[in-house]
């Protein structure tokens, strides 16, 4: 999609090698590859398209047995009635005269122009098939490839005004066109959609982006995907999810047969045209250890000490990353860790911390390349337990002890990260409000000013205007969560929100989007989420945020909240009393995911009535105070906004509250101090959450 006139002469068609290649045994015709398309194919914006464009780089990859022609025309539309139809260009005539053996067609980006799609959308399929028919007429044996379009990013000037919607409509048509015409489909969006740093104008890839396109096309044409490979999450000492079909999957060359053996069970698969293969094995009960063998004709991969049990993802920001060794009582708990325990740890840590310092050139490169997270599965021991998430370790250790089931814990947390960094790009792009978080995020009030300031420090030496960072919306999903694609987990524990306290109302929308996106990603509509309500600290906005988190639990099915306000620190955003929080999360999981008869939920008001000068609140369970002292931190708000303390009496599950004479209350609040000493708990010791409720006469 070009909106500036291209000063470079259109219709550049070059050939990187001669048409014939002479082998020792004689002359043999080369395979002719026509790359047909618009400015992305041509190489618009590149310093030297003849060397840097994707067709030029494809030529280098394919070598002398292939002859690659660049038939890209900047601004071209697929539509014949479009403002710049490809079929009228010299490049199209040259491509036809070329009589290609292979044709790569990447057209449709410019058809999203308001001059085109609103008027002629019904002609798109017809015109695309005409183009493919024409190529078959000049060479009936031509192998046709239809390309799913490269991305249009949200910084594009027409992204919200129509281009993105029309782009999605075109993308849906392309697989249908390929199938109808018995052409193969090349997905150019998937490898680039998580790399906005490679698109300086949000539409045209730079040289590295063109290289990714060339490699994607190369793999598709040749079927060479680099041989047998497994995702990084598959490794020695891993845990596979029990009681669900076990899927072993990876990459191999197209058509390559892959054999998988787990214990005594085996299965076979063949890599498809995209190099993907999956072997599905039966669901198993908890057990192990097993050996996993994955092999092809030229490679064997052997993974040892594999357990089948429950896998939990421990994610969020710094309070989830807070290590066991720094928690109260954590060092002693870590010393008790033993490799004979059926507890396995997979700690994905950032390549460089988001501390108050500028990152090196290599740090910046790795972050852009989505190489930020690294880690391996380990058998638990004192050293690794000490560095693992305190809350995650306490949670997993308790589950393992209570159930006897092997537990695998995956830690994926980044200090200071906002929830927007954990949401997938598609979810953000498809929301008319949240899409505005993506573009120019370092100047956006959507993002907490502390996060923007810290990112500015880290990225001080960055030269790429699109430099990535773990605080950027969608980044931690693309660099971290995406590593777990197709991997089955039991559930998620989540401790995050400190970097979103500045806007509790926005967080309501973000949290719901986050949950929906992860459930879709893990292909589990009811994936359980156990999350921690923010603790108490001397910051005014925190009570509002805690109440938002409480309400979210009521609105989103299969989510449960652990309270941490009673173990907070008035001056420290990282309170060290983490063990009770991990225990509360474990109790919630035992009750709701393991069916144990445990009263783990925080007491909630289920009914309210007023009799004269007394308001009665009926809770879901009997109550007491944690310290045996009178109830603290209930307060009235009158019609003038004044805050008034009140006397409270406990009668089993009823809280009786006096209404002062002459006071016309409009609301009742509990534990509303930023740093609260509220002491109301269930008989089992579970604290009552911060809450505010309207009072009507």
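In the working numbering, the protein residues as written are 42 to 738.
Backbone N, C-alpha and C define an ideal beta-carbon position, used for all residues, glycine too.
Quick caveat: nothing in here was measured; it's all calculated off a predicted structure.
(request) Name, in chain order, the residues that DSSP records as bridge partners for residue 649. (result) 658
(message) Quick check on residue 267: buried or exposed, where buried means 16 or more other Cβ atoms within 10 Å of its Cβ?
(response) Counting C-beta atoms within 10 angstroms of its own C-beta, residue 267 has fewer than 16 neighbours from the protein chains shown and is therefore classed as exposed.
(message) Counting C-beta neighbours from all protein chains within 10 Å, is the total for residue 441 16 or more, i.e. buried, or is it exposed?
(response) buried
(request) Pick helix, strand or coil for residue 734, following the three-state DSSP scheme. (result) strand
(request) Using beta-carbon positions only, say whether residue 454 and residue 421 come within less than 8 Å of one another. (result) no
(request) Could you tell me the distance, in whole angstroms, from the CA atom of residue 695 to the CA atom of residue 658? (result) 6 Å
(request) Please report how far the alpha carbon of residue 178 lies from the alpha carbon of residue 262, in whole angstroms. (result) 21 Å
(message) My output table needs one value for residue 489: the three-state DSSP class, helix, strand or coil.
(response) Three-state result, residue 489: coil.
(request) From the DSSP output, in three-state form, read off residue 729 for me. (result) coil
(message) So the candidates are 461, 510, 146; which of them puts its Cα closest to the Cα of residue 225?
(response) 146
(request) Using the DSSP secondary-structure output, state which residues sit across from residue 722 in a beta bridge. (result) 665, 728
(request) Kindly identify the DSSP beta-bridge partner or partners of residue 419. (result) 386
(message) Measuring alpha carbon to alpha carbon, tell me which residue in 188, 457, 692 is nearest residue 229.
(response) 188
(message) For residue 336, tell me which candidate among 133, 532, 323, 311 has the shortest Cα-Cα distance.
(response) 311
(message) Between the alpha carbons of residue 444 and residue 621, how many angstroms are there, rounded?
(response) Each residue's alpha carbon lies about 19 Å from the other.
(request) Using three-state DSSP, classify residue 66 as helix, strand or coil. (result) Residue confidence for residue 66 is low, a pLDDT of 37 falling below 50, so the modelled location carries little weight and cannot support an answer.
(message) Just to confirm, is the Cβ distance from residue 706 to residue 584 under 8 Å?
(response) no
(request) Apply the 10 Å Cβ neighbour rule to residue 249 and answer buried if 16 or more other Cβ atoms are within range, or exposed otherwise. (result) exposed
(request) Can you give me the start and stop residues for the beta strand (DSSP E) that residue 695 sits inside? (result) Its beta strand (DSSP E) spans residues 695 to 699.
(message) Please report the straight-line C-alpha distance between residue 683 and residue 586, rounded to a whole angstrom.
(response) 21 Å
(message) On the CB-based measure, 16 or more other CB atoms within 10 Å of its CB, does residue 723 come out buried or exposed?
(response) buried
(request) Going by CA-CA distance only, name the one from 149, 165, 171, 223 that's closest to residue 182. (result) Looking at the Cα atoms, 223 is the closest of the given residues.
(message) So, for residue 667: in the same chain, excluding its five sequence neighbours on each side, which residues have a beta-carbon less than 6 Å away from its beta-carbon?
(response) For residue 667, same chain residues with a beta-carbon under 6 Å away, outside a window of 5 residues either side, are 720, 722 in chain order.
(request) Look at the alpha carbon of residue 61 and the alpha carbon of residue 105, and state the distance between them as a whole number of angstroms. (result) The predicted model places residue 61 with a pLDDT of 33, which falls under 50 and marks its position as unreliable, so this point remains unresolved.
(message) Can you check which of these residues, 150, 155, 71, is closest to residue 139 by C-alpha distance?
(response) 71
(message) Taking the alpha-carbon of residue 580 as reference, which of 591, 611, 568, 554 has the nearest alpha-carbon?
(response) 611
(message) Extract the residue ranges of the alpha helix (DSSP H) inside the region 566 to 594, only unbroken runs of 4 or more that lie entirely within it.
(response) Fully enclosed alpha helix (DSSP H) runs of 4 or longer: not present.
(request) Using DSSP bridges, identify the partner residues of residue 218. (result) In DSSP, residue 218 forms no bridge with anything.
(message) Can you tell me whether residue 430 is buried or exposed? The criterion is at least 16 other CB atoms within 10 Å of its CB, across all chains shown.
(response) The residue is buried, with at least 16 neighbouring Cβ atoms inside 10 Å.
(message) With three or more C-beta pairs closer than 8 Å as the rule, is the region 370 to 384 touching the region 550 to 565?
(response) no
(request) Determine the burial state of residue 734: buried for a count of at least 16 other Cβ atoms within 10 Å of its Cβ, exposed for fewer. (result) exposed
(request) Select from 646, 364, 330, 342 the residue whose C-alpha is nearest the C-alpha of residue 350. (result) 330
(message) Among 205, 457, 121, whose alpha-carbon lies nearest the alpha-carbon of residue 157?
(response) 121
(request) Using 10 angstroms around the beta-carbon of residue 307, count the other beta-carbons present and answer buried if the total reaches 16, otherwise exposed. (result) By the 10 Å Cβ count, residue 307 comes out exposed.
(request) Ignore the nearest five residues each way along the sequence and tell me which others in residue 155's own chain have a CB closer than 7 Å to its CB. (result) 203
(message) Just to confirm the assignment, what range does the alpha helix (DSSP H) spanning residue 373 have?
(response) Segment 371 to 376, the alpha helix (DSSP H) holding residue 373.
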